[in-house]
Each structure stands twice: as C-alpha cells, then as structure tokens.
Amino acid sequence: MPDLPTPQDATEAALFSECWDAVLSYADLCTAGSTAAGQLAAEAFSTGIREARETEAGTFRSTGRRSARLPRIPLLLTAVRTTAAAWEETGQGHKLDPDLRLWLNSDKAARYTGPPLQRPLALRGLRDMQEPDAALLWLTEVEALPPAVVARRLGLDPDTVSEELAQVRGLFRDRCQRNHLDTPMDARCRSYARLLDAVTRSTAADTPDDLSRHLATCVQCAEAAACLRLHGGGLPGALAGGVIGWGGLAYLERRRRAAEVRLGAGRPERADADAGPPNPGAHKARVVRSGLLVAAVLVSALALAVSMMPGGSTGDGTVAGGDASDRQPVSGPDFSAPVTGATRSADSSAADSPQPSRTSTRHDSPAPKNSDPEPQGTQSATAGEDDPEPSASEAATCSVQYDLVNEWPDGFQATVTVTTERALDDWRVAWSFRDGQQVGQMWDASFAQNGSRVTATAADYNKTVTENGTLSFGFIASWEGENSPAYDFALNGHDCA
1400 MPDLPTPQDA TEAALFSECW DAVLSYADLC TAGSTAAGQL AAEAFSTGIR
1450 EARETEAGTF RSTGRRSARL PRIPLLLTAV RTTAAAWEET GQGHKLDPDL
1500 RLWLNSDKAA RYTGPPLQRP LALRGLRDMQ EPDAALLWLT EVEALPPAVV
1550 ARRLGLDPDT VSEELAQVRG LFRDRCQRNH LDTPMDARCR SYARLLDAVT
1600 RSTAADTPDD LSRHLATCVQ CAEAAACLRL HGGGLPGALA GGVIGWGGLA
1650 YLERRRRAAE VRLGAGRPER ADADAGPPNP GAHKARVVRS GLLVAAVLVS
1700 ALALAVSMMP GGSTGDGTVA GGDASDRQPV SGPDFSAPVT GATRSADSSA
1750 ADSPQPSRTS TRHDSPAPKN SDPEPQGTQS ATAGEDDPEP SASEAATCSV
1800 QYDLVNEWPD GFQATVTVTT ERALDDWRVA WSFRDGQQVG QMWDASFAQN
1850 GSRVTATAAD YNKTVTENGT LSFGFIASWE GENSPAYDFA LNGHDCA
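Mapping of the sequence shown onto our numbering: position 473 corresponds to residue 1872, and the numbering continues sequentially without gaps.
Spelled out as structure tokens, the structure:
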C-alpha cells in the first residue's frame, strides 16, 4: 500500500479529511473485500492528490488560462475508477467486484477514455465549469450536504447560497446543452436535439409523443434529458452516473445516508464524521468505548424492564439495544448498497425485513408485496410513504404493460404504460422490484424509491388522463444478478391488472 500524501497546509489537511471518506466509500463498492478497499482507496487517493497538485501548479505557471479539471472529490473518485482499471490490466482484477470487471471490459468504460466528444455529457459539462461552481453543485447534489454546510466549506454567504446554487444549476444545464449539440449523433437524434432543449427548459412544456418514444429507446438522448431537465429530480443521478461511471447510483445513496448520519435527526456535525485515513489505534479505542457504552445501556434497560414487571409475570419485556444505523460506520463494508456485489453478502437489512424470494426464471408470476424498511431511493434522501390512501376521486381500475426496452451488464431501460377505465385529474403509479433494481433516471414522471417499492408521480404536463386513456413513462435503472420484471402495480393506490 502506498504512503498517503502529507497535507501541505491546514487547508489541505481539512480537504484530505473531507475527501478520504468519499474515496473509501466508493473504493468499498468497487472491491470484493475491506482489505482490497483500503488498498484501492489509498492508491487512488495518492494518485488523485498528485494529479490535483500538478494541475494546480500548471495553472499557476500559465498565463491565466484555467486548465479544465474536476473539483477535488469527483477528481479523486475518477482516480478510484482509473486505478481499478489498472488493477484489471495488471492481473489484480480478482480483488475487484465481478460486476465492475465486466463493466471495465465493456464499451461503456471505454467512453471515459475515448474521444472527448464521446464522453458522458455530465462529465463534460462539470469539467467545463469554473471549479468553485462545480464544487458547489457536486457537494449539494451528490454529496447531499445542506446548502448552509456547503456555504461554510466553500466560504460562501449562507444567505445567498441558494440563489447561487440555482444559477450554477442553470450554468451546468447550458454547458450540457452546448456539449450535446457538439456530440456526434445520427440524423434522428439531431432532429430531436432542439425539441429536447425546449421541452426540458420549461416545467410546463408538454412532451410530444414521438419525443417520448425516442427517449425510451435512445440511451444517449435519455442521458442528455437527465442533464437538461433540472426540475425532475434526476440531476444527482445524472451527475453521479456521468462523472463516476460504474456504481454511481450506489455511491449517491451511500453519500445521502452518510449525510443523514452526520447531520440528520437534529444532531450537530460531529468532529470525527469526516475521519481521515485509517488510524488503527484510534479505531480500536473507539470500538472499546462503543462496546462499554452499549453494554451499560443494555444493563440499564434490562434493570428497568425487570423493575417494571408485575410480580411473577414476564409479560412482553423486549428490550431494544439502540438503532443500528447510528452505530454503523459511514462507509464500512457492512453498509447496504444493493447495486454492487461487493456489499451483497453484508446487507444488514436482510435480517430485519423479508425480501421477495428469487426464482430460477426471470419472467415468473408476481411474488407477494414486500417492502424494505431501509431507505435506498435515489429521488430524495428520505422517500415518502409508498402508497398513501387515495381520495375517492382517485379511484380507478387499470391495466399495466411493462416493457424491457434495453438491457446491459449493470443497467436496463424500461417503459410503463397504464390504461385507466376512469378519467384522472392526477396519477401516481407504484410497483415493486424483486431483485434489488434501483431507478436512476425517469422521464414523463418524477419518482421516489423506498427499498424495492418505486412510486412514479405525474409531471405537471401529463396529470390529466381521459376515460379509457393511457399514460406512459420510461426510466433507466441498475440491476445485478437477475433482472426480473416489475410486479404489484397500483394506480393511485388501487391494484392494476
């Protein structure tokens, strides 16, 4: 394992502490064990810091022209990906996640090292921005930090950071639009480019049927739509997937949960939340202290339960040992991230809630509805209830057609078409996945995901559906192992055929 670089000053030391947790979190997704994760993180961290210093030095020596580069955290995450690719080429691929190895040897990975105009749109758009603006966008959208916290870290005015963030989002959209028009594309995609720009620029614009069908079948244009449509909630997924590549959605979910642990539930930001490179002695001391604290809490709770029991009666004296999520490391190997195989065997939620059983075929009959209590959605940090009770006016009988449009080693594209017998003023379609699929992008609807349950909500322009009419939307999602069809569809809380 290479020696970690030494911070040059106090400012860089703070950056090291902030970045190490992100690098280790992604390295854990990319590897098949915690030891390999530490090795990959250390090597990538050293490579990324060296690259950042060389770029900064070159910028200072130049005549004022800024070199195109990413902010510190996404730069280090791309170093993890390139280091993993080097491992695969030098015979160390057995240390990597099997799905990552398939991705590294596919055309999708080649996009990140191929011609610049063929690289992912989000990566090109973020690289074209000034670094402070790009850092503001990344920390807010991907690292899921509150604007006030981001303002403090970047030295911005907390009172105006929200307005500045809105401007930066618009700037990112303009960069992506320009790069999309510069991208080599066939005549059909070129004919939709201007229309796609107009539709995604307005929150109330109606998406023509032909454009909707094109987005459901063209991955390149769907990727552009995710970057251009800032109001649909897909920007974090577009950034993470476009800049990081493989495992982007799983990393996005980990960072959201990490932000919840550090800043959520009314707790102040802990001093050790952004821990730097591993310190075995400090870690051992924390383990001992945590063990003693848990033991004391259990003994106290047990004594209290016994004292409250009626004489001779055992009752139902179940004693809780505390919330496991508060004791779980932010980026430890036991963290649940269903997109990758690296954490498949260590899913801590498996013992808490039953999962839909897997069968040997992918197109079997629907299994009973199950819901994972651990929030794993990609739409918001905490997804809402799966199916709130509908009002009487929302009642509808319906039928659903689920079409798998395209599939690749770690992702797929699908469309959902619902026919309703009653007219609707608004609609909400929910369904379940049995194999841990995670939705990353959606068009013609917004979405929230809670475990295996996904809820798609009508956009402003397609809420109304006529009697015996149809509604449709498409999405891109990730999968591993198996990719069984979605099941247990419901429209406004009522089951669909």
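All C-beta atoms in this analysis are idealised placements derived from N, C-alpha and C, irrespective of residue type, glycine included.
Judged by DSSP in its simplified three-state form, residue 1489 adopts coil rather than helix or strand.
Residue state for residue 1469 is assigned as coil, using DSSP reduced to three classes. Between residue 1452 and residue 1543, the gap from beta carbon to beta carbon reaches 8 angstroms or more.
Counted as a single uninterrupted DSSP element, the beta strand (DSSP E) harbouring residue 1801 occupies residues 1797 to 1807. Residue pairing by DSSP places residue 1830 opposite 1853 in a beta bridge.
Residue 1627 places its beta carbon less than 8 angstroms from that of residue 1595. Residue 1586 is classed as exposed because its beta carbon has fewer than 16 other beta carbons within 10 Å across all chains shown. The alpha carbon of residue 1810 has as its nearest neighbour, out of 1824, 1838, 1822, 1817, the alpha carbon of 1838. In this structure, residue 1431 sits away from residue 1439, with a CB-CB distance that is not shorter than 8 angstroms. Scanning its chain for C-beta atoms nearer than 7 angstroms, with the 5 sequence neighbours on each side dropped, one finds around residue 1581 the residues 1516, in chain order.
The region 1508 to 1523 and the region 1642 to 1652 touch, with three or more beta-carbon pairs separated by less than 8 angstroms.
Under the DSSP assignment, residue 1877 falls outside any alpha helix (DSSP H), being part of the beta strand (DSSP E) whose first and last residues are 1869 to 1877.
Distance from the CA of residue 1618 to the CA of residue 1482, rounded to the nearest whole angstrom, comes to 27 angstroms. Between residue 1857 and residue 1894, the C-beta gap is not smaller than 8 angstroms, which leaves the two residues out of contact. Spanning the alpha carbons of residue 1877 and residue 1815 requires a straight line of approximately 16 angstroms. Contact between the region 1830 to 1846 and the region 1873 to 1887 is present: three or more C-beta pairs spanning the two stretches fall below 8 angstroms.
Annotation for residue 1480: 1644 place their beta carbon closer than 6 angstroms to its own, counting only its chain and skipping 5 residues before and after. When only Cα atoms are considered, residue 1622 and residue 1560 end up about 28 angstroms apart. Note on the region 1580 to 1624: there is no whole beta strand (DSSP E) run with a minimum of 3 residues. The C-beta separation of residue 1537 from residue 1638 comes to about 7 angstroms, placing the pair in contact by the 8 angstroms criterion.
Residue 1514 and residue 1523 have their C-alpha atoms some 12 angstroms from each other. The C-beta separation of residue 1872 from residue 1841 comes to about 6 angstroms, placing the pair in contact by the 8 angstroms criterion. Under the criterion of beta carbons closer than 8 angstroms, residue 1478 and residue 1443 qualify as touching, at roughly 4 angstroms. It is roughly 30 angstroms from the alpha-carbon of residue 1849 to the alpha-carbon of residue 1607. Residue 1539 sits away from residue 1531, with the two beta carbons spaced by 8 angstroms or more.
About 6 angstroms separates the CB atoms of residue 1429 and residue 1495; that is less than 8 angstroms, so the two are in contact. A Cβ-Cβ contact shorter than 8 angstroms links residue 1823 with residue 1864. Under the DSSP definition of a beta bridge, residue 1816 partners with 1800, 1871.
Between residue 1632 and residue 1651 a beta carbon distance of about 12 angstroms is seen, past the 8 angstroms cut, so the two are scored as non-contacting. From the listed residues 1556, 1805, 1820, 1892, the smallest Cα separation to residue 1796 is found for 1820.
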